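Counting along the sequence shown from 1, when you hit position 543 you're at 543 in the working numbering, and nothing is skipped either side. Below you'll find the structure, written out as structure tokens, and then a few comments.
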Amino acid sequence: MKTKFIFVTGGVLSSLGKGLASAAIGALLESRGLSVTFQKLDPYINVDPGTMNPFQHGEVFVTDDGAETDLDLGHYERFANVRLGKKNNFTTGKIYYSVIMKERRGDYLGGTIQVIPHITDEIKKSILLMENSADVAIIEIGGTIGDIESLPFQEAIRQFKWDVGKENVLYVHLTLVPYIKTAGEVKTKPTQHSVKELRSIGIQPDIILCRTEKLLSKDIKKKIALFCNVDVDQVITAKDVESIYEVPLVFHQEHLDDKIVKLLHMWTRAPRLEAWEELVEKIKNPKFSVRIAIVGKYIDLKESYKSLNEALVHGGIANDCQVALDFVDSEALESADCNDTLRNADGVLIPGGFGARGIEGKMKAVHFAREEKVPFFGICLGMQMAVVEFAKHVAGMKGANSTEFDKNTDSAVIYLMKEWYDYQKKTIQQRDVSSDKGGTMRLGAYPCLLREDSFAYKAYNKKEISERHRHRYEFNNRFKSALEEKGLIISGTSPDGELVEIVEIADHPWFLGCQFHPEFKSRPMDPHPLFCAFINAALKYKGNKKKKDE
Ligand code: GLN
């Protein structure tokens, strides 16, 4: 079957959930037996979001092939059965970069290089990379219709329809239909304007997805249909929901999947949505609950840890358990008493991070969790902090630190490796240890072997795993035996034993730090083993605490 293309654009304002809507469309099409893939086209000029402030842009999502991508790729991977990579995320910067490289190489034979056709052709070429990789490719255009910077993308997707045939292309436009309290009614004007804008550049949307608080009445749908030049059944309510995993179901209630396959001239089986229904049922009616304290830089929390927050929810689903998150500012913890701040937590988690701010607070949190035997999960920087804390307080290395925070420490238990094998590039990488940024990061999937009698092995129940990375600093093997002698367990390493990937301590209900980011691979239907095990430990901890109190 020839690949069909669905383009998803957004109007009125940003943050309407275009990424989630695209992901949910993918889930629905999969439920009808179709294969799907995704692409995100971002209008900003950064070549990738790797260098962007997560506070502004949200999480940087990392793929198996080591691409630093937009967080929407995380939604796609969680909702559909896909693993994405470099070719699934393009930015204006990446498009221009490749056009300019070609121009320098002389590929354009003396021509004048222009936005149309050179930039638009390059965009179309990138979209065509999705051809033959699935039955349906869902292409989300970042930004809002009307933005100057997304115009080349809009022009490219307009032309695309004529290149591949109009029966193979569908335009979905997401807008907002706000409820205005003082008027006591919903307003369609912003939607009308946004569709008008879209039509002025030559794109007639096929489906209008209206984000609203309540289901839209037939009359309102008729009005939108009339002004926006579509059939009334092409106007779909995208109602606000309690859990993001309900989105595929509410879209289905509105017959969105039916409409899409009809408009694309596809024949499929009826959708099988039982798994989604069960999932939502489980999320809404959990038997148990736990509180997890996430200790990080305050401003970075929430949005910039999208995958982490979701992975914790998934770990909860696996344990029939609701997971409440307490975001604890690590800087504030420096002058606070952990006994007050962390006492109510059933588990402590330190996520990944960069920079020295709040480091002492994180250290205090590790110390508290280790001594008080509260389940502890350290991810990337969190694992590094666990190693430093252990070195300082158990192994007596008073000055122990990561060289990220103290270049002159006498016990550099976490440091920059001068040389390491880059599993993505299949070459040895040299690092400039004197520079702060230290050259490239270790990015993407790396294999890891687990030690059998460990928390990690119990969780994964297999010997070899593969997880995604995004960091520069590593465990320093020079201190390996000294730390092991004192009880640090190295339960996961690279197959050659050179890179330490997981550390644990034994005399503890659950204490694990991993150098990789397990959250990127967790899915609601396939929760990540480490998150399942961590939530399970938190649940047991809570149970024991209750028994003690009684
Ligand atoms: N800052 C640490 C490093 O670069 C940890 C990075 C992370 O947590 N992602 O190694």
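We treat Cβ as the ideally placed atom computed from N, Cα and C, and that holds for glycine. Keep in mind that this is a model prediction, so the values were computed, not measured.
Specify the secondary structure class of glycine 438 as computed by DSSP and reduced to three states.
Along the sequence shown, read from residue 1 onward, the residue named residue 438 stands at position 438. Here glycine 438 scores only 48 on pLDDT, less than 50, and its place in the model should not be relied on; the value that follows carries that caveat. In the structure shown, glycine 438 sits in coil (DSSP, three-state: anything other than H, G, I, E or B).
Leaving out the 5 sequence neighbours to the left and right, which residues in its chain are closer than 7 angstroms to isoleucine 244 when beta-carbon positions are compared?
Along the sequence shown, one-based indexing puts residue 244 at 244. Leu20.
Can you confirm whether the stretch 531-538 touches the stretch 398-418 when touching is taken to mean that 3 or more C-beta pairs between the two stretches lie within less than 8 angstroms?
no
Restricting to runs no shorter than 4 residues, where is the alpha helix (DSSP H) found entirely within the stretch 468-510?
Counting whole runs of 4 or more residues, the stretch 468-510 contains the alpha helix (DSSP H) stretches 480-485.
My output table needs one value for threonine 92: the three-state DSSP class, helix, strand or coil.
To locate residue 92, count along the sequence shown from 1; it is residue 92. Per DSSP, reduced to three states, the secondary structure at threonine 92 is helical.
Which of the three DSSP states, helix, strand or coil, is assigned to glycine 380?
For the purposes of this step, residue 380 is taken as the residue at position 380 of the sequence shown. Sequence inspection shows cysteine at residue 380; the glycine mentioned does not correspond to that position. Three-state result, cysteine 380: coil.
Local conformation of asparagine 401 per DSSP, three classes:
Along the sequence shown, one-based indexing puts residue 401 at 401. In this structure, asparagine 401 counts as strand in the three-state DSSP scheme.
Taking only the alpha-carbon atoms, compute the straight-line gap between proline 190 and leucine 215 and give it to the nearest angstrom.
The residue given as residue 190 occupies position 190 in the sequence shown. The residue given as residue 215 occupies position 215 in the sequence shown. Using only the alpha carbons, I get a separation of about 17 angstroms.
Burial state of phenylalanine 39, where buried means 16 or more other Cβ atoms lie within 10 Å
As a working note, residue 39 is residue 39 in the sequence shown. Just to set this straight, residue 39 is glutamine in the shown sequence, not phenylalanine. That one is buried.
Got a sec? Which residues, its chain only, sit under 6 angstroms from alanine 459 by beta carbon, not counting five neighbours each side?
To locate residue 459, count along the sequence shown from 1; it is residue 459. Cβ within range, chain order: Pro529, Leu530 and Ala533.
Within the continuous beta strand (DSSP E) that includes histidine 173, where are the two ends?
Translated into the one-based positions of the sequence shown, residue 173 becomes position 173. First-last of the beta strand (DSSP E) with histidine 173: 169-176.
Glutamate 122: which of Val280, Glu167, Asn168 and Gly93 sits nearest, CA to CA?
Reading the sequence shown from its first residue, position 122 is the one you call residue 122. That would be Gly93, whose Cα lies nearest to the Cα of glutamate 122.
Counting Cβ pairs closer than 8 angstroms, one from the stretch 166-179 and one from the stretch 207-224, do we hit at least three?
At 8 angstroms Cβ cutoff, the stretches touch.
How is alanine 137 classed by DSSP in three states: helix, strand or coil?
The count along the sequence shown starts at 1 and reaches residue 137 at position 137. Strand, per DSSP.
Alpha carbon to alpha carbon, how far is glycine 296 from phenylalanine 227?
As a working note, residue 296 is residue 296 in the sequence shown. As a working note, residue 227 is residue 227 in the sequence shown. Computed Cα separation, rounded: 48 angstroms.
Cβ-based burial, glutamine 430 [other Cβ within 10 Å; buried from 16]
If you number the sequence shown from 1, residue 430 lands on position 430. It counts as exposed.
Assess contact between the stretch 281-296 and the stretch 315-330, defined as three or more Cβ pairs (one per stretch) separated by less than 8 angstroms. Is contact present?
yes
Under 8 angstroms between C-beta atoms of phenylalanine 475 and isoleucine 414
Numbered from 1 along the sequence shown, position 475 holds the residue referred to as residue 475. Numbered from 1 along the sequence shown, position 414 holds the residue referred to as residue 414. In this structure, isoleucine 414 lies closer than 8 angstroms to phenylalanine 475 by Cβ.
Would you say the beta carbon of glutamate 281 comes nearer than 7 angstroms to a heavy atom of the ligand GLN?
As a working note, residue 281 is residue 281 in the sequence shown. Using a cutoff of 7 angstroms, the CB of glutamate 281 does not count as near the ligand GLN, since none of the ligand's heavy atoms is closer than that.
Check whether the stretch 496-512 touches the stretch 439-458, taking contact to mean three or more Cβ pairs, one atom from each stretch, closer than 8 angstroms.
yes
May I have the straight-line CA-CA distance separating glutamate 149 from glycine 361, to the nearest angstrom?
The count along the sequence shown starts at 1 and reaches residue 149 at position 149. The count along the sequence shown starts at 1 and reaches residue 361 at position 361. Looking at the two C-alpha atoms, the distance is approximately 41 angstroms.
Quick check: what's the CA-CA separation for glycine 438 versus valine 366?
As a working mapping, residue 438 is identified with position 438 in the sequence shown. As a working mapping, residue 366 is identified with position 366 in the sequence shown. With a pLDDT of 48 at glycine 438, under the threshold of 50, the modelled position of this residue cannot be trusted; read the value that follows with caution. Taking the straight line joining both Cα atoms gives about 27 angstroms.
May I ask you to list the residues that DSSP assigns as paired with tyrosine 97?
What you label residue 97 is simply residue 97 of the sequence shown in a count that begins at 1. Per DSSP, none; premise fails for tyrosine 97.
Does DSSP put threonine 120 in a helix, a strand or coil?
On the sequence shown, residue 120 is found 120 positions in, with the first residue counted as 1. Of the three classes helix, strand and coil, the one that applies to threonine 120 here is helix, per DSSP.
Starting from tyrosine 541, trace the beta strand (DSSP E) in both directions and tell me its first and last residue.
By 1-based counting over the sequence shown, the position of residue 541 is 541. Taken as a continuous stretch (DSSP letters only), tyrosine 541 belongs to no beta strand (DSSP E), being part of the alpha helix (DSSP H) at 529-549.
Proximity test, arginine 431 beta-carbon vs the ligand GLN heavy atom, cut-off 7 angstroms:
Start at 1 with the first residue of the sequence shown, and residue 431 comes out as number 431. No.
Simplified DSSP assignment, three categories, for tyrosine 423:
To locate residue 423, count along the sequence shown from 1; it is residue 423. Tyrosine 423: coil per DSSP, three-state reduction.
Chain-order list of residues whose beta-carbon lies under 7 angstroms from that of aspartate 163 (same chain, five-residue window excluded)
Translated into positions along the sequence shown, residue 163 becomes position 163. Answer for aspartate 163: Lys124, listed in chain order.
Taking the beta strand (DSSP E) that lysine 221 falls in, what are its first and last residues?
Within the sequence shown, residue 221 is the residue found at index 221, counting from 1. Run containing lysine 221: none in the beta strand (DSSP E); it sits in the alpha helix (DSSP H), 218-228.
CA-CA distance, lysine 548 and glycine 492?
Here residue 548 is taken as the residue at index 548 of the sequence shown, counted from 1. Here residue 492 is taken as the residue at index 492 of the sequence shown, counted from 1. Those two C-alpha atoms are separated by around 34 angstroms.
Nearest to valine 12 by CA position, among Leu198, Lys463, Ile113 and Phe327, is which residue?
Locating residue 12 in the sequence shown gives position 12, where the first residue counts as 1. If we check each option's Cα against that of valine 12, Leu198 comes out closest.
Nearest by alpha-carbon distance to lysine 239: which of Val232, Ala225 and Glu254 is it?
Against the sequence shown, residue 239 aligns to sequence position 239. Lysine 239 has its Cα closest to that of Glu254, out of Val232, Ala225 and Glu254.
Measuring CA to CA, which of Gly146, Ile203, Ser133 and Asp135 is closest to phenylalanine 160?
Residue mapping note: residue 160 aligns to position 160 of the sequence shown, counting from 1. Answer by Cα proximity: Ile203.
Can you tell me whether phenylalanine 354 sits near the ligand GLN, meaning its C-beta is under 7 angstroms from at least one heavy atom of the ligand?
Counted from its first residue, the sequence shown places residue 354 at position 354. Yes; taking the cut-off as 7 angstroms, the Cβ of phenylalanine 354 has a heavy atom of the ligand GLN nearer than that.
Assign alanine 183 to buried or exposed, taking buried as 16 or more other Cβ atoms, counted over all protein chains shown, within 10 Å of its Cβ.
In the sequence shown, counting from the first residue as 1, residue 183 sits at position 183. Under this definition alanine 183 is an exposed residue.
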